[in-house]
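Asker: Using this note's numbering, you'd call the opening residue of the sequence shown number 223 and step up by one each time. Input: one structure, supplied below.
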Amino acid sequence: MKKRSEHYCQAMAERFGSNGKSLANLVMAIASYTDAKSTVEYSLSPLYNYQYSSIGKLFERLLKVDKGDISTFSGLVESFIKDFNPQFSGIIKTQLDTLPVYKPHSPTHPDRSAVYKPNLTIQGNKPVEVGYNISSLNQGFDIKWSIPLSLKRVPIQDKSIKVGQQQLITFLKTIDQEHCFVVNTGDSSYGCAGFLSQLYEYENLVNIVRLKNRNIYDYSPQGDTNGANKIYGKVYNLRRLQEKSNRKNPKTKELTIPKTSIFEKQPDAIDHYFVKTHKGRQVKVELKLFHQMSMRSQNGNNMKHKVFDVVVVDYLDTETLKPIHQKPIYLAVCGKKRMILPCWMPTKSIMDIVTTLSLIIGL
């Protein structure tokens, strides 16, 4: 990790010339000094070896070279990241997430809106703050290292999943279509038809996203129904057998009659492995795989014939074999070539993907 960080900063110093050393110092400060509440406070980091005024002067020099064009500087940064990236073939792991930036005291800042912020202080207050969202596409590696491929601000009139969708499509156009295969992970906000439907057509992409409180269906196409061809089979709800369903009718807002639990369906494969928590407790991780599942289309986003696999991840006590958490993790593996992933052969590959997603959703 240390050697890779040194290599990264050295490459940055070489690429940006006389400004490279200051920029590398700033990058190290941003990565390590989490207490900073403004850009200038990064100069307080022990890793930043210059005066606080040098940060403003640094960007003044950088933008002066590009005649004040921020897009030119952004393109130079993206070019540096791509050149530094050591992986040019094989399975590329990416992570897509939306991050809130809080700007409650910036009245002149354009396009501010209400963004999510956990409320841990005043009971009854809504978990919101004034600011804006950033859509981040990162590339992860087997070691504890990731690099940002794309950072985009989410406009008020747009949805974060649509911005992330375009970031992923743009990235797919830059890689070798024959020798690269992208496995992208995301949290439950991306587990919907609005995100998955348009990306399904890309041959070299598989999305692994978390699902929450939704109905899924067996994919069961039939053409002899004396009407429209039938696509959806039996419906299942993502909940435990004893768990109550909180799904409401969108019109009446009343609780709907719960559908059959996914745990009543016979899985196509079952596997498990053991892990230890940071406190030394041994936990059994049970994986149940369901092939050929589907979800309903929504708001014009067509999910007909766009099937996916579902992996149910449950953490069990090794002695009692009872679930540790109230709810398991439901993962959708969506993509035309999802079956060629090595995760369907060795268990370790499934563990890698589950671990990657767990880092994003904070398990």
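Cβ coordinates follow ideal geometry from the N, Cα and C atoms, glycine included. Only a predicted model underlies this, so the values are computations on that prediction, with no experimental measurement involved.
In angstroms, rounded to a whole number, what distance separates the CA positions of Leu509 and Gln548?
Answerer: Taking the sequence shown and counting its residues from 1, the one referred to as residue 509 is at position 287. Taking the sequence shown and counting its residues from 1, the one referred to as residue 548 is at position 326. Those two C-alpha atoms are separated by around 16 Å.
Asker: Going by C-alpha distance, which of Ala415, Glu541, Lys526, Phe512 is nearest Gln520?
Answerer: Within the sequence shown, residue 520 is the residue found at index 298, counting from 1. The option with the nearest alpha carbon to Gln520 is Ala415.
Asker: Would you please state the rounded distance, in angstroms, between the beta carbons of Asp493 and Phe512? I believe it to be under 8 Å.
Answerer: Here residue 493 corresponds to residue number 271 of the sequence shown, with the count starting at 1. Here residue 512 corresponds to residue number 290 of the sequence shown, with the count starting at 1. In fact, because the Cβ distance is near 13 Å, the residues do not count as touching under 8 Å.
Asker: Thinking just about the alpha-carbon of each residue, which of Ile313, Val376, Gln317, Ser358 is nearest to the one in Val337?
Answerer: In the sequence shown, counting from the first residue as 1, residue 337 sits at position 115. Selected option, being the one with the closest Cα: Val376.
Asker: Using C-beta distances below 8 Å, list every residue in its chain close to Val505, excluding the 5 sequence neighbours before and after it, in chain order.
Answerer: Locating residue 505 in the sequence shown gives position 283, where the first residue counts as 1. Taken in chain order, the residues that qualify are Phe496, Val497, Lys498, Thr499, Tyr537, Leu538, Asp539, Thr540, Ile546.
Asker: Quickly, what does DSSP pair Cys414 with across the bridge? List them, please.
Answerer: By 1-based counting over the sequence shown, the position of residue 414 is 192. BP columns for Cys414 are empty, so no partner.
Asker: Taking the alpha helix (DSSP H) that Thr242 belongs to, which residues open and close that run?
Answerer: Taking the first residue of the sequence shown as 1, we reach residue 242 at position 20. Per the sequence presented here, residue 242 reads as Gly, with Thr not at that position. Run containing Gly242: 242 to 254, per the alpha helix (DSSP H) assignment.
Asker: Compute the Euclidean distance between the alpha carbons of Ser411 and His401, then round it to the nearest angstrom.
Answerer: For the purposes of this step, residue 411 is taken as the residue at position 189 of the sequence shown. For the purposes of this step, residue 401 is taken as the residue at position 179 of the sequence shown. Cα to Cα, the separation comes out at about 30 Å.
Asker: In chain order, what residues of the same chain have a beta carbon less than 6 Å from the beta carbon of Gln317, not counting five sequence neighbours either side?
Answerer: As a working note, residue 317 is residue 95 in the sequence shown. The answer, listed in chain order, is Asn360, Gly362, Thr407, Ile582.
Asker: Determine, using beta carbons only, whether Asp409 and Met515 come nearer to each other than 8 Å.
Answerer: One-based indexing of the sequence shown puts residue 409 at position 187. One-based indexing of the sequence shown puts residue 515 at position 293. Not a contact, by the Cβ cut-off of 8 Å.
Asker: Please classify Ile572: is it buried, with 16 or more other beta-carbons within 10 angstroms of its beta-carbon, or exposed?
Answerer: The count along the sequence shown starts at 1 and reaches residue 572 at position 350. Since pLDDT at Ile572 reaches only 47, below the 50 mark, its modelled position is unreliable, and the value read off the structure follows with that caveat. Buried is the call here.
Asker: Taking the beta strand (DSSP E) that Lys510 falls in, what are its first and last residues?
Answerer: On the sequence shown, residue 510 is found 288 positions in, with the first residue counted as 1. 504 to 516 is the span of the beta strand (DSSP E), which, as asked, contains Lys510.
Asker: Grab the span of the alpha helix (DSSP H) containing Thr392 for me, first residue to last.
Answerer: Residue 392 sits at position 170 when you count from the first residue of the sequence shown. Per DSSP, Thr392 belongs to the alpha helix (DSSP H) from 382 to 394.
Asker: Going by beta-carbon coordinates alone, are Val610 and Pro550 separated by less than 8 Å?
Answerer: Residue 610 lies beyond the stretch modelled for the chain, which goes from 223 to 585, so this question has no answer here.
Asker: Give me the Cα-Cα distance between Glu351 and Glu282, rounded to the nearest whole angstrom.
Answerer: The residue you call residue 351 lines up with position 129 of the sequence shown. The residue you call residue 282 lines up with position 60 of the sequence shown. Cα-Cα distance, rounded: 31 Å.
Asker: When the distance is taken between beta carbons, is Arg436 closer than 8 Å to Leu421?
Answerer: Reading the sequence shown from its first residue, position 199 is the one you call residue 421. Reading the sequence shown from its first residue, position 214 is the one you call residue 436. No, they are not a contact pair.
Asker: Over what stretch of residues does the beta strand (DSSP E) that includes Ile356 continue unbroken?
Answerer: Within the sequence shown, the letter at position 134 stands for residue 356. Per DSSP, Ile356 belongs to the beta strand (DSSP E) from 350 to 362.
Asker: Mapping DSSP to helix, strand and coil, what is Ser372?
Answerer: In the sequence shown, counting from the first residue as 1, residue 372 sits at position 150. If DSSP states are grouped into helix, strand and coil, Ser372 belongs with the strands.
Asker: Pull up the CB-CB distance for Leu553 and Ile430, whole angstroms please, since I reckon it's below 8 Å.
Answerer: Here the question's residue 553 lines up with position 331 in the sequence shown. Here the question's residue 430 lines up with position 208 in the sequence shown. The pair is a contact, with the Cβ atoms about 6 Å apart (cut-off 8 Å).
Asker: Going by C-alpha distance, which of Thr261, Thr396, Gln388, Ser442 is nearest Ser419?
Answerer: Taking the first residue of the sequence shown as 1, we reach residue 419 at position 197. Ranking the options by Cα distance to Ser419, first place goes to Gln388.
Asker: Where does the unbroken beta strand (DSSP E) through Val535 begin, and where does it stop?
Answerer: Translated into the one-based positions of the sequence shown, residue 535 becomes position 313. Val535 -> beta strand (DSSP E) spans 530 to 539.
Asker: Along the chain, where does the beta strand (DSSP E) that runs through Asn468 open and close?
Answerer: In the sequence shown, the residue the question calls residue 468 occupies position 246. Neither: Asn468 is in no beta strand (DSSP E) and is coded neither H nor E.
Asker: Thinking C-alpha only, which one of Glu236, Ile479, Asp257, Ile314 is nearest Ile369?
Answerer: Start at 1 with the first residue of the sequence shown, and residue 369 comes out as number 147. Measuring from the Cα of Ile369, the nearest candidate turns out to be Ile314.
Asker: For my contact list, Ser240 and Ala251 are in at a C-beta cut-off of 8 Å; report their separation, rounded to the angstrom.
Answerer: Here residue 240 is taken as the residue at index 18 of the sequence shown, counted from 1. Here residue 251 is taken as the residue at index 29 of the sequence shown, counted from 1. Their Cβ separation, rounded to whole angstroms, is 19 Å, which puts Ser240 and Ala251 out of contact at 8 Å.
Asker: With a CB to CB cut of under 7 Å and the five nearest residues on each side skipped, what residues in its chain are close to Pro489?
Answerer: Here residue 489 is taken as the residue at index 267 of the sequence shown, counted from 1. Here the set comprises Lys510, Leu511, Phe512.
Asker: Counting only beta-carbon atoms, is Gly312 nearer than 8 Å to chain B?
Answerer: Among the chains in the structure shown there is no chain B, since it carries only a single protein chain.
Asker: Going by DSSP, what residues sit across from Gly408 in a beta bridge?
Answerer: Along the sequence shown, read from residue 1 onward, the residue named residue 408 stands at position 186. DSSP output for Gly408 lists Val431 as bridge partner(s).
Asker: Looking at the secondary structure, which residues open and close the beta strand (DSSP E) in which Asn341 lies?
Answerer: The residue given as residue 341 occupies position 119 in the sequence shown. Careful: Asn341 lies outside any beta strand (DSSP E) and carries neither H nor E.
Asker: Would you kindly work out how many angstroms separate the C-alpha atoms of Thr261 and Thr330, rounded to a whole number?
Answerer: The residue given as residue 261 occupies position 39 in the sequence shown. The residue given as residue 330 occupies position 108 in the sequence shown. Answer to the nearest angstrom: the Cα atoms are 17 Å apart.
Asker: In the DSSP output, which residue or residues are listed as bridge partners for Phe496?
Answerer: On the sequence shown, residue 496 is found 274 positions in, with the first residue counted as 1. According to DSSP, Phe496 bridges with Lys506.
Asker: Please classify Ala246 as buried or exposed, where buried requires at least 16 neighbouring CB atoms within 10 angstroms.
Answerer: Here the question's residue 246 lines up with position 24 in the sequence shown. Buried, since its Cβ has 16 or more Cβ neighbours within 10 Å.
Asker: Of the residues Ser382, Leu390, Ile378, which one's Cα is nearest the Cα of Ser372?
Answerer: Working through the sequence shown from its first residue, we reach residue 372 at position 150. The option with the nearest alpha carbon to Ser372 is Leu390.
Asker: Which value, in whole angstroms, describes the spacing of the CA atoms of Ala235 and Leu463?
Answerer: The count along the sequence shown starts at 1 and reaches residue 235 at position 13. The count along the sequence shown starts at 1 and reaches residue 463 at position 241. Taking the straight line from one Cα to the other gives about 57 Å.
Asker: Since Asn341 and Pro349 are thought to touch, with beta carbons under 8 Å apart, how far apart are those beta carbons, to the nearest angstrom?
Answerer: The residue labelled residue 341 in the question sits at position 119 within the sequence shown. The residue labelled residue 349 in the question sits at position 127 within the sequence shown. Asn341 to Pro349, Cβ: 4 Å. Contact.
Asker: According to the Cβ coordinates, are Lys470 and Thr482 closer than 8 Å?
Answerer: Here the question's residue 470 lines up with position 248 in the sequence shown. Here the question's residue 482 lines up with position 260 in the sequence shown. No. Outside cutoff.
Asker: In terms of residue numbering, what span does the beta strand (DSSP E) encompassing Ser442 cover?
Answerer: As a position in the sequence shown, residue 442 is number 220, starting the count at 1. Element bounds for Ser442: 437 to 444.
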